[in-house]
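Participant:
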Amino acid sequence: MKTQFISSRGGVNASRSGVSLAATLFASLFAVGACAPGTSSEGNGDDTDSAGQGGSGPNQGGTGTGEGGLGGSASSGGTGGSPEAPMPAKRICIEAGSEVKPDPATLNGVYALNCAGCHGATGQGVGKFPKLTEDKGFEAFSKIVREGKEGTAAGVMPAFSESHLSESELLQVYVTLAGKTLKADRTLGCNGASPLDEAAIARAFETGLKEWRAPDHEDAACASCHGPMPIDLAYIGYDDATIFRRALKHISEAQTRAVIDFVHAIRAKYGIAGPKNFMEFRPFQPGGLIIGGATPAERDHKFGLNLKQAAPTLFDGVLDTKAEALKAKDELLAINPRTFPIGIALNRWTEDIHHGKEHGTLNEWIPDRPHIPVDKAAETALYALHDKYIANPTWENLWAIQDAGKTLTKLTGVTKPDAKAPGYNEHDDFAFRSYGLKYESVLFAQHHFLEELRGRPGLSKMSASPFPERNSLWELGDLARTRESVFFPNDCKGSWNTCLGLPADAVEKIDQAQNPRTMLKDLKVAWFWVGWFFDTTLYRTNKSNSTKVSEYFTAELYERGYFNHTVYHRFRKNLAAAYEHQGVAKDANGEPGIDHYWAHTYGYYMAYNRGIELEKMPKDPEALALYKTLAGNTFRMMMLLATEHIQRTGKVSDREVMRPIYRSTMPIAFSEKHESAETLAKTKQIVDEYEAAVDAACDRRPLRYGEQPYPKHCGP
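To convert, take the position in the sequence shown, counting from 1, and add 98; that gives the working numbering.
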């Protein structure tokens, strides 16, 4: 059989009319970053500054299993090169007289894009969706695909026209599922496979945008959850069948077709040749993978080994000189938190229990309930802002949508709690607040996807955002913290709507066997982490002192056994605050400066000895030794850096004076308990030098280790 693949799906109906809106609205959007028709964009597996964590490279997981090896999990990373990810849509050309044989690649190509979302990855059937591997003949198979079927478990089996699924594609899917070989009696699919041109793309955008905003029975539109455009569906790689199955609950088959054409047009315009695996893709997962390991302790140890390779000075004997401290500081600051793999799984974009119980969780990006316009006038105003953003997708236009959403939209299915009303329950506002924060986070993430597709930095620092208090990602983690650790009642007994105020349809999506508290812990850690690396100083996220020192996030990391992650986060954040000056308004356009107000404050994590209790340390001897080396040397590094700064500038900050107990006692206490007498002596010497530097820079009596009274203010 001679089979050739001709690029582009050609699934948009070229006869649709009306391009005026598309020609004006999308001209700016398409000015940058598009691939030429008929070409592919393979991506870069080491795109260290993009939201996509690599492109469509051949490998997904990390490599290396020795000391410092990433130990990446090929099934969990969620990057573009996954072998399970749907491949680019291709036209299949079958010549008359050729044999059509089963082709496993079909399952990852046209089948994955059209059928797997309902019937499973290999046609094995999922729940009430039937198996497709039982051979009933091509004629019967073709009939149901072409005509569809009403009244199925999902409401309808959509009809696939030949413009959407060609006869050659249909035949190839059939022989692959049936496991048989057929001879083609005529030529199939070898004509009319030309790539989409700009006019066809514009028509698909215009028609698709109309249906994207079409209200359903609750007056909710696709845009009510996903934002101005289906950038996420195109970028992440949602197959047509999954879009059908989920969209048909809200809009008609014809409208769904238009939305799918919209998605394909975005892919064609931007050359998205290898979409992500939507079932595994985790936006902003550092490095695009999760470090492998069955437990947090195992993953944390591998993370520590990776850190040893990236910052070797922290692990090479006892760090006790200024030169070593400065070198270790440079090594840590050279680590990009956005690309350095961690052992913590961030949330998938969306979850769907249809694909298995592991997907029955509330830990996803997309909110379960929509934000709909409060009235017609609000709808007009909101979509005008959407149009403005589509034409010119800037940060300013994005924030305008977020800000307007607070007055122009309302959340359906969830009542805004009134703290003054009788019977008010603190827990009821979790759903209301979390859905709002998720919606803002979805807009934020999709803007990064779009920036990457337009050839711009995909993971920019948040300098363009009007901080402080704009970091919805971090705030969602903090919301989960308050519900899990503070307000979670003892009488919930696992009831999701009682404990968290979730609406019934959201509860149905959750695996009821899972523990609500554990799920909230996972949500908390994931959103704290992704919120942190968009603001590595935490200066702009919130004015709360607890946020600035990352008190609760650090405590949760340590309590869950992520010991090396804890030290890395704590001191990488402090170094960013001291040396990178992100988000410090007075330094935004000036020279780098050091703000010791927060740079060297360890917070409750160190003040309450959470880092020096043996029973809460790694149990494995090798892992314990690695952690002790890292923690002890990091303490001394920070003391030496503080001393170097004071000696060089002659300046002492409030915290140098008001919190000497926190700074001076922790390194000594740790060394007393976990290090040799020789190392303890070196540590005490470093502390003495630090306090002598403070004495020399500030007119006050000496304050030594163990003294309690705070002196008067002394600072620059």
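No residue lacks a Cβ here, since even glycine has one placed at the ideal position from N, Cα and C.
What distance in whole Å lies between the Cβ atoms of Pro328 and Phe360, which are believed to be in contact at a cut-off of 8 Å?
Facilitator: 6 Å
Participant: Ends of the alpha helix (DSSP H) at Leu621?
Facilitator: 614-631
Participant: Measuring straight from C-alpha to C-alpha, what distance separates Asp337 and Val512?
Facilitator: 30 Å
Participant: Under 8 Å, with one C-beta from each stretch per pair, do the segment 430-449 and the segment 460-469 reach the 3-pair mark?
Facilitator: yes
Participant: Take Lys486 and list the residues in its own chain whose beta-carbon comes closer than 8 Å to its own, dropping the five residues that flank it on each side.
Facilitator: Asn495, Ala498
Participant: Can you tell me which of the three DSSP states Asn551 falls into?
Facilitator: In the sequence as displayed, the identity of residue 551 is Leu instead of Asn. In the structure shown, Leu551 sits in a helix (DSSP, three-state: H, G or I).
Participant: Return the chain-ordered list of same chain residues with a C-beta closer than 7 Å to the C-beta of Met377, the five sequence neighbours on each side being excluded.
Facilitator: His453
Participant: Which value, in whole angstroms, describes the spacing of the CA atoms of Ser139 and Asp786?
Facilitator: Note that Ser139 scores 30 on pLDDT, short of 50, meaning its location in the model is unreliable; the coordinates nonetheless yield the value given after this. Approximately 58 Å, taken between the alpha carbons.
Participant: Under 8 Å, with one C-beta from each stretch per pair, do the segment 193-206 and the segment 270-285 reach the 3-pair mark?
Facilitator: yes
Participant: For a test of the three-state rule: what should DSSP assign to Thr161, helix, strand or coil?
Facilitator: Confidence in Thr161 is poor, its pLDDT being 31 and thus under 50, which makes the residue's placement unreliable; the coordinate value appears in the next sentence. Correct three-state label for Thr161: coil.
Participant: According to DSSP, is Lys514 helix, strand or coil?
Facilitator: In this structure, Lys514 counts as coil in the three-state DSSP scheme.
Participant: I'd like to confirm the pairing. Which residues does DSSP put opposite Thr732 in its beta bridges?
Facilitator: Answer is none; Thr732 lacks a bridge partner.
Participant: Excluding the 5 residues preceding and the 5 following His457 in the sequence, name in chain order all residues of the same chain whose CB lies nearer than 7 Å to its CB.
Facilitator: Glu449, Asp450, Ile451
Participant: Taking the alpha-carbon of Asp283 as reference, which of Gln500, Glu197, Tyr650 has the nearest alpha-carbon?
Facilitator: For Asp283, the nearest C-alpha among the options comes from Glu197.
Participant: Helix, strand or coil for Glu773, going by three-state DSSP, please let me know.
Facilitator: Correct three-state label for Glu773: coil.
Participant: If I measure Cβ to Cβ from Ala356 and keep anything under 7 Å in the same chain, skipping five residues before and after, which residues do I get?
Facilitator: Thr305, Gly306, Glu309
Participant: Would you tell me roughly how many angstroms separate the C-alpha atoms of Lys717 and Lys771, rounded to the nearest one?
Facilitator: Computed Cα separation, rounded: 16 Å.
Participant: Could you tell me if Thr664 is buried or exposed, where buried requires 16 or more neighbouring beta carbons within 10 angstroms of its beta carbon?
Facilitator: With 16 or more other Cβ atoms from the protein chains shown falling within 10 Å of its own Cβ, Thr664 counts as buried.
Participant: Can you list, in chain order, the residues of its chain with a C-beta nearer than 7 Å to that of Ser266? Leave out the 5 residues immediately preceding and following it.
Facilitator: So the qualifying residues of the chain are Ile190, Cys191, Ile192, Leu286, Gly287.
Participant: Provide the residue(s) that pair with Leu446 in DSSP beta bridges, ordered along the chain.
Facilitator: The displayed chain sequence assigns Arg, not Leu, to residue 446. In the DSSP output, where bridge partners are listed per residue, Arg446 has Glu462.
Participant: Between the segment 398-416 and the segment 727-737, can you find at least three pairs of beta-carbon atoms closer than 8 Å?
Facilitator: yes
Participant: Roughly how many angstroms separate the alpha carbons of Ala602 and Ala426, rounded to a whole number?
Facilitator: 52 Å
Participant: Do Ile349 and Lys374 have their C-beta atoms closer together than 7 Å?
Facilitator: no
Participant: Can at least three beta-carbon pairs, one atom from the segment 778-785 and one from the segment 730-742, be found at a separation below 8 Å?
Facilitator: yes
Participant: What's the gap between the Cα of Ala479 and the Cα of Arg531?
Facilitator: Approximately 23 Å, taken between the alpha carbons.
Participant: State the Cα-Cα distance for the pair Thr492 and Phe382, rounded to the nearest angstrom.
Facilitator: 20 Å
Participant: Counting Cβ pairs closer than 8 Å, one from the segment 650-669 and one from the segment 618-633, do we hit at least three?
Facilitator: The segment 650-669 makes contact with the segment 618-633; the number of CB pairs closer than 8 Å reaches 3 or more.
Participant: Considering Cα atoms alone, identify which of Tyr637, Phe661, Thr645 is closest to Tyr677.
Facilitator: Tyr637
Participant: Out of Gly659, Leu673, Val628, which has the shortest C-alpha to C-alpha gap to Val647?
Facilitator: Leu673
Participant: Would you please state the rounded distance, in angstroms, between the beta carbons of Leu535 and Leu598? I believe it to be under 8 Å.
Facilitator: No, Leu535 and Leu598 are not in contact; Cβ-Cβ is about 14 Å, not under 8 Å.
Participant: Whole angstroms is fine: what's the gap from Trp572's alpha carbon to Glu582's?
Facilitator: 15 Å
Participant: Go ahead and label Gln610 buried or exposed: buried means 16 or more other beta carbons lie within 10 angstroms of its beta carbon, across all protein chains shown.
Facilitator: exposed
Participant: In the structure shown, what three-state DSSP assignment does Lys455 receive?
Facilitator: helix
Participant: Within a Cβ cutoff of 7 Å, which residues of the same chain sit near Arg311, ignoring the five residues on either side of it in sequence?
Facilitator: Ala319, Ala321, Tyr481
Participant: Count the other CB atoms within 10 Å of the CB of Arg568; is the residue buried (16 or more) or exposed (fewer)?
Facilitator: buried
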